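Have a look at the structure below, then the notes.
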Amino acid sequence: MTITFIMDGKEVTAQDGQTLLDVARENGIDIPTICFHEATTANAVCRICVVEVEGQRVLQPSCIVKAATNMKVQTRSEKVIRARKTILEMLAATMDLSEAVEIQTMMKEYGASDGRFPDAEKRLSDVKDDNPMYIRDYSKCLLCWRCVQVCADDAQYTFAINFDGRGYETQIGTFFDKAIPETSCVLCGQCVGVCPTGALKPKREYLLEQGKTPAEISVMNTGKKQRKPR
Ligand code: SF4
Ligand code: FES
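Numbers given in the working numbering equal positions in the sequence shown, counted from 1, plus 82.
Put into structure tokens, the structure is as follows:
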């Protein structure tokens, strides 16, 4: 069934089941996303994709709200811009965004300040370096859930990581905080591939950043010295 509705003052069409984000993208309308990823089930945890829907009291997350006949949607109203800016400022106040390049770009676009909430506590966490493939730095984690979903029934069916803790203490972790080699993780790397902030990073990249040379990394990985090129 084809649905017709208004988006940013223009008549648009959608197929039954399409989300507002789908329709916006098809029509060249830019809506920012963070927790949304094509490979995972949308769960609307970050709220950066909110839009204003006439008749709705609160802003709606476009990544999960389905298009409906006669809707009137605004994707860049003043209220929407203010909400997105505040979300970005709250993220900047509570986590390390130094490697979240897309979010930094959004901050510039929305004029978001990283000093709006000076009393907020930043999430701090030691880098977990417990396996040969990737490191986990949860001070850079925004709890978008993408890694948990690809590890679970969106892709890998391994269920090695999940949410841990409650409220502000919530973080991604393994069962009983076990080291990765003691979990069901098969080191597939899919979690690293979907992480938007650098909280999960290939070990090699991390070691190079720490100043190790490729030769030193090779010895660490294999226990053997790398042959000199002839
Ligand atoms: S580790 Fe990365 S992918 Fe996983 S929840 Fe945190 S930010 Fe998202
Ligand atoms: S992208 Fe829609 S809520 Fe995160």
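We treat Cβ as the ideally placed atom computed from N, Cα and C, and that holds for glycine. Here the structure is a predicted model, which means the values were calculated and not measured.
Could you give the distance in angstroms between the alpha-carbon of T187 and the alpha-carbon of Q253?
25 Å
C-alpha distance - L170 paired with V132, whole-angstrom precision:
13 Å
Of the residues V155, E93 and F245, the one placed nearest C223, counting alpha carbons only
F245
Which residues in the same chain as E93 place their Cβ atom closer than 8 Å to its Cβ, once the five residues preceding and following it in sequence are excluded?
T86 and F87
How would you label A202, buried or exposed, when you count the other beta carbons within 10 angstroms and need 16 or more for buried?
exposed
Please tell me whether A149 and D212 are closer than 8 Å, where the distance is taken between their beta carbons.
no
Where does R164 fall in DSSP's three states?
helix
Can the beta-carbon of S144 be found closer than 8 Å to that of L102?
yes
Whole angstroms are fine: how far does the CA of G280 sit from the CA of V140?
32 Å
Let me know the beta strand (DSSP E) ranges lying completely inside the segment 230-279, each 3 residues or longer, listed in chain order.
243-246 and 253-256
Whole beta strand (DSSP E) elements within the segment 108-170, 3-residue minimum:
132-135 and 154-156
Please list, in chain order, all residues of the same chain as G255 whose beta carbon is under 6 Å from its beta carbon, the five residues on each side excluded.
D246
By a C-beta neighbour count over all protein chains shown, 10 Å radius and 16 as the cutoff for buried, is D98 buried or exposed?
exposed
Contact between the segment 230-249 and the segment 263-273: three or more CB pairs below 8 Å?
yes
Could you give the first and the last residue of the continuous beta strand (DSSP E) run that contains V94?
K92 to Q97
Using only the heavy atoms of ligand 2, determine whether one of them is closer than 7 Å to the beta carbon of T115.
yes
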